[in-house]
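Working notes for the structure below.
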Amino acid sequence: MLEDIIGALDLVFAWENFFWAFIGVLCGAIMGSIPGLTDTMAIVLLLPFTYYLGPIPGIAMLMGLSKGGNFGGSLPAILFNIPGTPQAMCTTFDGYPLARQGKSGKAMQTALYSSVLADALSDLVLIFLAAPVAAIALHIGPPEYSMVVLFSLVVISVAATADPLRGLLSTALGLFLATVGTDPEFGTMRLTFGIVDLADGFSLMPMVIGLLAFSEVLLQAENYFRQRLAQRKSGEQEEKIIISSNPDDNRVTAKEFKTCLPTIGRSTFIGSIVGIVPGIGTTVGAYLSYLWARKKSKTPELFGKGALEGIAASEAGNNAVNGPNLVPLVTLGIPGNLAAALIMGGFMIKGLVPGPRFMEDHASLLYALFAVLLISNFFTLLIGSVFIRYVRRLTNIPRSTLYACILVFSILGAYVFNGNMFDVWVMFWFGILGYILNKMSLNLPTLIVAFFLGQLLEEKIRQTMLISGNDWTIFFTRPFALFFIVLTILTSYIYLSKIKKATKNISD
Numbered sequence: 003m004l005e006d007i008i009g010a011l012d013l014v015f016a017w018e019n020f021f022w023a024f025i026g027v028l029c030g031a032i033m034g035s036i037p038g039l040t041d042t043m044a045i046v047l048l049l050p051f052t053y054y055l056g057p058i059p060g061i062a063m064l065m066g067l068s069k070g071g072n073f074g075g076s077l078p079a080i081l082f083n084i085p086g087t088p089q090a091m092c093t094t095f096d097g098y099p100l101a102r103q104g105k106s107g108k109a110m111q112t113a114l115y116s117s118v119l120a121d122a123l124s125d126l127v128l129i130f131l132a133a134p135v136a137a138i139a140l141h142i143g144p145p146e147y148s149m150v151v152l153f154s155l156v157v158i159s160v161a162a163t164a165d166p167l168r169g170l171l172s173t174a175l176g177l178f179l180a181t182v183g184t185d186p187e188f189g190t191m192r193l194t195f196g197i198v199d200l201a202d203g204f205s206l207m208p209m210v211i212g213l214l215a216f217s218e219v220l221l222q223a224e225n226y227f228r229q230r231l232a233q234r235k236s237g238e239q240e241e242k243i244i245i246s247s248n249p250d251d252n253r254v255t256a257k258e259f260k261t262c263l264p265t266i267g268r269s270t271f272i273g274s275i276v277g278i279v280p281g282i283g284t285t286v287g288a289y290l291s292y293l294w295a296r297k298k299s300k301t302p303e304l305f306g307k308g309a310l311e312g313i314a315a316s317e318a319g320n321n322a323v324n325g326p327n328l329v330p331l332v333t334l335g336i337p338g339n340l341a342a343a344l345i346m347g348g349f350m351i352k353g354l355v356p357g358p359r360f361m362e363d364h365a366s367l368l369y370a371l372f373a374v375l376l377i378s379n380f381f382t383l384l385i386g387s388v389f390i391r392y393v394r395r396l397t398n399i400p401r402s403t404l405y406a407c408i409l410v411f412s413i414l415g416a417y418v419f420n421g422n423m424f425d426v427w428v429m430f431w432f433g434i435l436g437y438i439l440n441k442m443s444l445n446l447p448t449l450i451v452a453f454f455l456g457q458l459l460e461e462k463i464r465q466t467m468l469i470s471g472n473d474w475t476i477f478f479t480r481p482f483a484l485f486f487i488v489l490t491i492l493t494s495y496i497y498l499s500k501i502k503k504a505t506k507n508i509s510d
């Protein structure tokens, strides 16, 4: 243990680690603060370029993108009532009312300090949980692993989406796409239609870039031109932001932030619990934290009218998911959400496969990454403090310029991964597919995580069948596997019952 920590110190104090972590936070904050872009899109667009970096600088940049993007999403939510990222939706409830009162600076500082504090605490949760969970994971065999993955698939299908039916369809499509390529056991081609480039299945990066970045360009461009047309017809003018002349209205005082600390503590706890469970995500963490903060507040009547506690709860809740979300990734090889799945892609680009033996085989590297994670919180604080002064200018970038840049990055990112035009076409067609699926209200993050987990599930089930001689009862004779089977059934029953009850209430 001590030897690994000393080895990590040798790795972490290289200037490029801090430089690329800083660049990651900066780019994440920029893209997160632009409505229509997200922290996830920042990772998607820049992930292919980590191919040219070392393992620690590359992963540090991806984690920095996630941290910066999470905070950046709160800024347009406060200024314009437009969440820059989905998880910033709850921040609009109290952030925008404060901005309309001329207190946007106070709201943005509250969001920044809450984000950084919760993120740092959640990183500590990751550091302290990773080793014991990894030790347990070493004793998990293929049957248990298969059921853990199955449980994760059920959670992302029914619990992580508003409509479980669409969640199940998204998961099914992701699993179907995972079957394309060469059969790992028999070596036969599956669903390749004679296309040699599909022998190894769909390349991850072109697929993800197409589904998330290119499809988003199509959707946002369509929405933008529709809004412009509607504004011209109605003569509607953009609402101006009021800035108070009182200095205290543009900063959060120590006394005000002190009153938010209990809320931040509770929200960090809720976000950490949500983060450990694969598939639930940051949006759920923010929403649950906000509801709990309103319930526990001494002044619940202020929520929705400009309560600093509401902003603190939302931002702490969604940022607290980040650290624990990596626990199932580094210990089991199971990404907790889309951002974790993309970070897993960054590990795999470097030839590193997260899983039960990852901490044992690469302990020094992992501890070095943990150290960079903690230091990245300082970068978020530093960049955020400067950023909130100039963010309004950034959000006024012409949309035509913005979408053109994203399109160029999408093409470059798809091409760089394998260096062939076939991947660019894969990106293009998956972009069209993503646009259609968005119109059908299917969940693209669920599809992508299911694609990741589908390959893992097939591998572990095949290993289980080899061990048991094709005896499926092995899943019911292994206690840990049986536990997750029961947990999967219970989770499905609880969520489907709630949905059935809600549907009945609506019909009544």
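If you use the working numbering, the sequence shown corresponds to residues 3 to 510, in order.
All C-beta atoms, glycine included, are put in the ideal place defined by N, C-alpha and C.
Reduced DSSP secondary structure (H/G/I, E/B, other) of Gly335: As a working mapping, residue 335 is identified with position 333 in the sequence shown. If DSSP states are grouped into helix, strand and coil, Gly335 belongs with coil.
Cβ-based burial, Cys92 [other Cβ within 10 Å; buried from 16]: Translated into the one-based positions of the sequence shown, residue 92 becomes position 90. That one is buried.
Nearest-angstrom Cβ-Cβ length linking Ala342 and Ser172, presumed shorter than 8 Å: Against the sequence shown, residue 342 aligns to sequence position 340. Against the sequence shown, residue 172 aligns to sequence position 170. The Cβ separation is near 17 Å, so there is no contact.
Simplified DSSP assignment, three categories, for Thr190: Residue mapping note: residue 190 aligns to position 188 of the sequence shown, counting from 1. It is coil, neither helix nor strand.
Of the residues Leu114, Gly66, Ile36, the one placed nearest Leu49, counting alpha carbons only: One-based indexing of the sequence shown puts residue 49 at position 47. Among Leu114, Gly66, Ile36, the Cα nearest to that of Leu49 belongs to Gly66.
Per-residue burial, His364 [other beta carbons within 10 Å of its own, 16 or more giving buried]: In the sequence shown, the residue the question calls residue 364 occupies position 362. Burial call: buried.
Simplified DSSP assignment, three categories, for Thr184: In the sequence shown, residue 184 corresponds to position 182, counting from 1. Thr184: strand per DSSP, three-state reduction.
Thr479 - DSSP class collapsed to helix/strand/coil: For the purposes of this step, residue 479 is taken as the residue at position 477 of the sequence shown. Of the three classes helix, strand and coil, the one that applies to Thr479 here is helix, per DSSP.
Met423 versus Tyr417: straight-line alpha-carbon distance, rounded: Counting from one through the sequence shown, the residue named residue 423 turns up at place 421. Counting from one through the sequence shown, the residue named residue 417 turns up at place 415. Each residue's alpha carbon lies about 6 Å from the other.
Cutoff 7 Å; reference Val27; Cβ partners in own chain excluding five residues on either side: As a first step, residue 27 is located in the sequence shown; it is residue number 25 there, counting from the start. The answer, listed in chain order, is Gly66, Lys69, Gly70, Ser378, Phe381, Thr382, Ile385.
Check whether Ser148 and Leu459 have beta carbons under 8 Å apart: Locating residue 148 in the sequence shown gives position 146, counting from the first residue. Locating residue 459 in the sequence shown gives position 457, counting from the first residue. Yes, they are a contact pair.
Cut-off 6 Å between Cβ atoms - residues of its own chain near Ala318, not counting five sequence neighbours on either side: Here residue 318 is taken as the residue at index 316 of the sequence shown, counted from 1. Around Ala318: Ser116, Ala120, Ile266, Ser269, Thr270.
CB contact flag (Ala110, Gly74, <8 Å): If you number the sequence shown from 1, residue 110 lands on position 108. If you number the sequence shown from 1, residue 74 lands on position 72. The sequence shown places Met at residue 110, rather than the Ala named in the question. No. Outside cutoff.
Exposed unless 16 or more other CB atoms sit within 10 angstroms - verdict on Val46: Translated into the one-based positions of the sequence shown, residue 46 becomes position 44. Classification of Val46: buried, given that the 10 Å Cβ count is 16 or more.
Rounded C-alpha distance that separates Asn2 from Val393: Residue 2 lies beyond the stretch modelled for the chain, which goes from 3 to 510, so this question has no answer here.
Beta-carbon spacing of Tyr437, Ser217 below 8 Å: Indexing the sequence shown from 1 puts residue 437 at position 435. Indexing the sequence shown from 1 puts residue 217 at position 215. The answer is yes: Cβ separation under 8 Å.
Collapsed DSSP secondary structure at Met350 in the structure displayed: Here residue 350 refers to the residue found at position 348 when the sequence shown is read from its first residue. If DSSP states are grouped into helix, strand and coil, Met350 belongs with the helices.
Between the CA atoms of Glu303 and Ser412 - distance to the nearest angstrom: The residue you call residue 412 lines up with position 410 of the sequence shown. The residue you call residue 303 lines up with position 301 of the sequence shown. About 46 Å.
Beta-carbon proximity of Gly273 to Val332, cut-off 8 Å: For the purposes of this step, residue 273 is identified with residue 271 of the sequence shown, where counting begins at 1. For the purposes of this step, residue 332 is identified with residue 330 of the sequence shown, where counting begins at 1. No, the pair does not count as a contact, with Cβ atoms beyond the cut-off.
Residue burial classification, Trp474 (beta-carbon count within 10 angstroms, cutoff 16): Your numbering for residue 474 matches position 472 in the sequence shown. The residue is exposed, with fewer than 16 neighbouring Cβ atoms inside 10 Å.
Nearest-angstrom Cα separation, counted from Arg192 out to Ala174: Counting from one through the sequence shown, the residue named residue 174 turns up at place 172. Counting from one through the sequence shown, the residue named residue 192 turns up at place 190. Each residue's alpha carbon lies about 17 Å from the other.
Reduced DSSP secondary structure (H/G/I, E/B, other) of Ser299: By 1-based counting over the sequence shown, the position of residue 299 is 297. Three-state result, Ser299: coil.
Assigned exposure category for Arg253 - 16 Cβ within 10 Å defines buried: Here residue 253 is taken as the residue at index 251 of the sequence shown, counted from 1. Counting Cβ neighbours within 10 Å, Arg253 comes out exposed, since fewer than 16 surround it.
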